[in-house]
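K.L.:
I am attaching a structure below and will ask some questions about it afterwards.
Number of protein chains: 2
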Amino acid sequence: MLERFLVPEKDRVLVRPERMLAATKAIFEKCGQSSTDAALSAEVLLTSDLRGCESHGVSNQLRVYVQMYGDQEINPVPNLQITRETDVTANLDGDTGLGLHVLPKAMEIAIDKADKHGMGAVTVHNSRHIGMLAYHSMMPLKYDMIGITTSAGNPLSMVPTHASEKLFATNPWAWAAPARSEAPFVFDVATTQVAGNKLRLAERIGAPMDPAWISDTDGVPIMNETHLPDDYHILPFGGTREQGSHKGYGFAAMAEIMAPILSGMGAGMFMAPVPRTIMGHYVQAVKIDGFIDPNQFKDDMDRFLKRLRTSKPASGEKRVVYAGLPEAEEVEIRQREGIPYHKEVIGWFESIKAELQLDFELV
Amino acid sequence: MLERFLVPEKDRVLVRPERMLAATKAIFEKCGQSSTDAALSAEVLLTSDLRGCESHGVSNQLRVYVQMYGDQEINPVPNLQITRETDVTANLDGDTGLGLHVLPKAMEIAIDKADKHGMGAVTVHNSRHIGMLAYHSMMPLKYDMIGITTSAGNPLSMVPTHASEKLFATNPWAWAAPARSEAPFVFDVATTQVAGNKLRLAERIGAPMDPAWISDTDGVPIMNETHLPDDYHILPFGGTREQGSHKGYGFAAMAEIMAPILSGMGAGMFMAPVPRTIMGHYVQAVKIDGFIDPNQFKDDMDRFLKRLRTSKPASGEKRVVYAGLPEAEEVEIRQREGIPYHKEVIGWFESIKAELQLDFELV
C-alpha cells in the first residue's frame, strides 16, 4: 500500500489481533450471525488487518455491515442453496447473506470439485460484500491449488474509458498461487485506479489524490493532485486512455461477466441503487496436480519469486517486491506488535460496545 | 488501437483478405507445415489483420516465423502429446511447434472437456508464439462458452515495478464472452503499457512513445514523450507505481504462473535468451450452462454491452466502446474494402515470393 494510506503515527492505537478478533466476532453475533459464521466473518476482516490491508478490515467495513444488518439489508442466517451444478461448476444462491462467510463456503465447494476432477468454479448470486478477496483466493493454497476470485455489483463508482457515467463497482480480482519457502504469490487488486475504500481511508487521514485517479462528473480525468471533491467518478486503472485505462475497464467488464452475469443476476448497473450493496461473486480453484507435479511447481515458484525479490532495484528504489510479499511480512510484524488502528476507529468500537451492550476490551 | 499506430494513408496498400490468406498459407507450407496447419496458421494471422490488430498480423510476425523456421528454431511438424491429464485439465507438449496452430488444438481439448464436465483448461509447454490471443479465446464462443488465454516466456522485455532488469515478456491475457445480437466481448491485452509489436509498428511509422510507456535501462520510467531509444525496458501497464504499475506487474506474474510455470517449463526469465522464442500457454473454456441458462446469459450480455456502447460520452469524446466492438466493426470494413498494409510489408511479400519461388498475387 502507498505510504499515504498509512495511519499517521500520532493517531495510531495498537490492538492485539486476538482482542480485535473477539470484539468483531461479538459484534457479528449481535447482528444475528451464528457463532461459526461470526468467527469466520471476523477472521476474514482480521486477516485483512493483519496483512496491512486496513482498507478492507474492520476500520471501514464493520460499521457498514452493522448498519446494513440494522436496516435488514443483510440476512444474518442465509439458507445457501445450489441452483445449478456440474462435475466442476456450481451456482450458489447467497440468500442475501454477507459474502464474508458465504464465499468461503463457495470456495470450499470449488476446492472439493478441483480435488476430484482437477478444477472447480462456483458463482454466487444474491450475496453481499466479501471483504478482502485475497482471503478467499488463499483458501486453496494449502491444498496445492491456485485460487481465483472476482466480484462485482452495486453500488457503482467507476466510469468506463471515455464515458461520463458510473457503470461499474470497483470490480476486483484476486489470484493466489502457492510456493514452498517463499511467501505465496497473492495478487489482489481493484480494477479502479484505487479501491473505493482507500479513497475513504485517504479522506480520513487527509491524503491527496494523484492525477488521473478520479474524473469529474462529466467523465473528464482530473489531472492535478487534489483532495477528494464532493462528487466524482473513479477512473479504471490506467487512468487515461493513453495510459491504458481500457485495460482497467476491460478487467472490470470481465469481473462483471464472470460474477453477477454468469451467476444470473445481470450486470450491477441494472441493480437497485445505493446504498444497497448487492453482489455476485466467482471463485475458482485449480489443482496443480492436474497439470504437473506440485513439488516441481512449488520449486519453480520459489525460484521465480526469489528472483523477483532479489532483482536489482531501479535507481532510487530500495527493493523489488512481488504481490503478497509485503503483506506476509506485515503479518509477522502485526502478530508481534499489534495492529495499528486510527483512534477514530477505536472510538467507534467503544460507542458500538455501549450501544450493543457488549463487553469486549480492545486495549 | 490508438490513432498513432495506424498505417499513414500515403503508405497504404489495400489487399483482399482471401489473397493475403492464400499467400500466407503458401509461405507456411513452404516452411514445412502441413496444408491443414498452414491454413490454420494463416487464419490466425488474417483474423488479426481483419480485426485491425495489425501488430499481430502478417506485417510483424510472418517474417519472424519464416526466419525461425529457416534457423530450425520451430518444428514445422510437431508431434503433440498430452503429458498429464484429468477430467478437466491437461498439459500438452508442443514439441517446439508454432503456437498459431498448436494452441487451437489445446483449446479444442479444453472445449471438449468443458462440454462434458462444465469447464476445461489446458497448459502447453515447449511451444512458440501464438499470435493474437483473441483468436484462441474466441474459439469457445460458438459453443456458448467463455474463453481465456494467457502466454508467457522469452524473450524478456518488461521490467517489474521498481526493478531495473527485464524479467518478463509482454505476458498477455485474453478473455472472450458471447452475446446474442451485440458483438461479443473480446478483451485482449499485453500486461505491458504497450505490446512489444506495437512499439515496432510505431517505429516503422515514426510515431512517438507516450510518457511512462518505457523505462531507461536503470528501470527509471521515461516521463517525456520520446522516440524509441536504442536500449530500453517496457514498463508494466500503469507505468509508474503511483499510477498502478504494480497491477500490470501482478497480471504479468499471473501469466507467468499459469502458463510456463504451470506447464512445467519454469519462468521465462530462466529460459535461453533472445532470439529464441520459447513459450508456455494456458487456455480455459468455461461452459455457461454449468452456471445458468446460456440464453439468459446472452440476453444479459446484450443488455450489458448495449448499455456500455450507448452510455453518454465524456466531454470531448465521441463515443464509448467495449472491448471487441471496434474490432468487430473493423472486420466488416476490411472484408468489404480490403486490409490496409504498409507498402514496406507488401515489399517483403514480393521479396519472399521470389526467394521461396511462390506464385501468389497480392494486388
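Chains as they are written, first to last, in our numbering: chain A, 1 to 363; chain B, 1 to 363.
Every residue gets a Cβ at the ideal spot worked out from N, C-alpha and C, and that includes glycine.
(1) Tell me, please, whether the stretch 120–137 of chain B touches the stretch 83–92 of chain B by the rule of three or more beta-carbon pairs shorter than 8 Å.
(2) Which residues does DSSP list as the beta-bridge partners of residue 286 of chain B?
(3) Compute the Euclidean distance between the alpha carbons of residue 277 of chain A and residue 117 of chain A, then round it to the nearest angstrom.
(4) Considering only residues of the same chain and omitting the five flanking positions on each side of residue 238 of chain A, which have a CB-CB separation below 6 Å?
(5) Could you confirm whether any beta carbon from chain B is found closer than 7 Å to the beta carbon of residue 369 of chain A?
(6) For residue 294 of chain A and residue 185 of chain A, I'd like the C-alpha separation in whole angstroms.
(7) Specify, as a first and last residue, the run of the alpha helix (DSSP H) that residue 191 of chain B falls within.
(8) Does residue 175 of chain B get closer than 7 Å to chain A when you measure Cβ to Cβ?
(9) Going along chain A in order, which residues have a C-beta closer than 7 Å to the C-beta of residue 322 of chain B?
(10) Give me the DSSP bridge partner(s) of residue 92 of chain B.
(11) Could you tell me whether the Cβ of residue 91 of chain A comes closer than 7 Å to any Cβ of chain B?
(12) If the criterion is Cβ atoms closer than 7 Å, does the pair residue 152 of chain B and residue 126 of chain B meet it?
(13) Taking 7 Å as the threshold (beta carbon to beta carbon), is residue 166 of chain B in contact with chain A?
(14) Exposed or buried, what is residue 160 of chain A when buried is set at 16 or more other beta-carbons lying within 10 Å of its beta-carbon?
(15) Could you pull the start and end residues of the beta strand (DSSP E) that residue 365 of chain B belongs to?
(16) Compare the beta carbon distance of residue 15 of chain A and residue 341 of chain A with 7 Å and say whether it is the shorter of the two.
(17) Hey, quick one: how far does the alpha helix (DSSP H) through residue 294 of chain A stretch, first residue to last?
(18) Roughly how many angstroms separate the alpha carbons of residue 10 of chain A and residue 329 of chain A, rounded to a whole number?
(19) Residues of chain B with CB closer than 8 Å to the CB of residue 220 of chain A, please, in chain order.
(20) Tell me which residues of the stretch 103–137 of chain A have at least one Cβ-Cβ distance to chain B shorter than 7 Å, keeping chain order.
(21) Taking 7 Å as the CB-CB cut-off, is residue 262 of chain A touching chain B?
(22) Hey, does residue 311 of chain B have any beta-carbon neighbour from chain A nearer than 7 Å?
(23) Short of 7 Å Cβ to Cβ, which residues in the stretch 189–206 of chain B face chain A?
(24) Pull up the distance between the alpha-carbon of residue 272 of chain A and that of residue 146 of chain B, whole angstroms please.
(25) Starting from residue 180 of chain A, find everything on chain B with Cβ-Cβ shorter than 9 Å and list it in chain order.
(26) Once the 5 residues before and after residue 12 of chain B are set aside, which same chain residues still bring their CB inside 8 Å of it?
(27) Which residues in chain B have a C-beta closer than 7 Å to the C-beta of residue 227 of chain A? List them in chain order.
(28) Could you give the C-beta distance for residue 298 of chain A and residue 180 of chain A, rounded to a whole number, given that I count them as a contact under 8 Å?
(29) Compute the beta-carbon to beta-carbon distance between residue 28 of chain B and residue 48 of chain B, rounded to the nearest angstrom, for a pair I have assumed lies under 8 Å.
(30) Pull up the CB-CB distance for residue 209 of chain A and residue 233 of chain A, whole angstroms please, since I reckon it's below 8 Å.
(31) Which residue from A:35, A:64, A:135, A:349 puts its Cα closest to that of residue 200 of chain A?
(32) Tell me which residue opens and which closes the alpha helix (DSSP H) that residue 380 of chain B is part of.
(33) Below 6 Å CB to CB, which residues in the same chain sit around residue 98 of chain A once its five sequence neighbours on both sides are set aside?
(34) With 16 as the cutoff for other CB atoms within 10 Å, does residue 354 of chain A come out buried or exposed?
(35) Should the stretch 127–142 of chain A be called in touch with the stretch 53–71 of chain A, which here means at least 3 C-beta pairs below 8 Å?
(36) Whole angstroms is fine: what's the gap from residue 315 of chain A's alpha carbon to residue 163 of chain A's?
P.N.:
Reading it off the structure:
(1) Judged by pairs of C-beta atoms under 8 Å, the stretch 120–137 of chain B touches the stretch 83–92 of chain B, as three or more such pairs exist.
(2) When DSSP reads this structure, residue 286 of chain B sits in a beta bridge with B:119, B:146.
(3) Distance between the alpha carbons of residue 277 of chain A and residue 117 of chain A: 34 Å.
(4) Same-chain partners within the cutoff: 244, 245, 247, 248.
(5) Nothing can be reported for residue 369 of chain A, as the shown portion of chain A is limited to 1 through 363.
(6) Between residue 294 of chain A and residue 185 of chain A, the C-alpha separation is close to 15 Å.
(7) No alpha helix (DSSP H) contains residue 191 of chain B, which DSSP labels as neither H nor E.
(8) The beta carbon of residue 175 of chain B sits closer than 7 Å to some beta carbon of chain A.
(9) Ordered by position in chain A, the residues that pass the 7 Å Cβ test against residue 322 of chain B are 253.
(10) Note: residue 92 of chain B sits in a beta bridge opposite B:82, B:124.
(11) Yes, its Cβ sits closer than 7 Å to a Cβ of chain B.
(12) Contact flag unset, no.
(13) False, the Cβ-Cβ gap to chain A never drops below 7 Å.
(14) It is buried - the Cβ of residue 160 of chain A has at least 16 other Cβ atoms within 10 Å.
(15) As displayed, chain B neither begins before 1 nor continues past 363, which places residue 365 of chain B out of reach and without an answer.
(16) Between residue 15 of chain A and residue 341 of chain A, the C-beta gap is smaller than 7 Å, which places the two residues in contact.
(17) Segment 294–309, the alpha helix (DSSP H) holding residue 294 of chain A.
(18) If you draw a straight line from the Cα of residue 10 of chain A to the Cα of residue 329 of chain A, it comes to about 23 Å.
(19) The answer, in chain order, is 314, 315, 316.
(20) So the close ones are 117, 118, 119, 121, 123.
(21) Output row for residue 262 of chain A: interface = yes.
(22) For residue 311 of chain B, at least one C-beta of chain A is nearer than 7 Å to its own C-beta.
(23) Listed by position along the chain: 189, 193.
(24) Distance between the alpha carbons of residue 272 of chain A and residue 146 of chain B is about 27 Å.
(25) Taking the beta carbon of residue 180 of chain A as reference, no residue of chain B falls within 9 Å; the closest one sits roughly 13 Å away.
(26) When the five nearest sequence neighbours on each side are left out, the beta carbons in the same chain lying within less than 8 Å of the beta carbon of residue 12 of chain B are those of 340, 341, 342, 343, in order along the chain.
(27) What residue 227 of chain A touches in chain B, judged by beta-carbon distance under 7 Å, is nothing: the nearest beta carbon there is about 16 Å away.
(28) Right, their Cβ atoms sit about 4 Å apart.
(29) Cβ-Cβ separation between residue 28 of chain B and residue 48 of chain B: approximately 15 Å, too far for a contact (criterion under 8 Å).
(30) Wrong, their Cβ atoms sit about 12 Å apart, outside the cutoff.
(31) Looking at A:35, A:64, A:135, A:349, the one whose alpha-carbon comes closest to that of residue 200 of chain A is A:64.
(32) With chain B covering 1 to 363 only, the question about residue 380 of chain B has no answer from this structure.
(33) Cβ neighbours of residue 98 of chain A beyond the five flanking positions: 74, 128.
(34) The residue in question, residue 354 of chain A, is exposed, as its Cβ has fewer than 16 Cβ neighbours within 10 Å.
(35) Counting Cβ pairs under 8 Å, three or more are found: they touch.
(36) If you take the alpha carbons of residue 315 of chain A and residue 163 of chain A, they lie about 37 Å apart.
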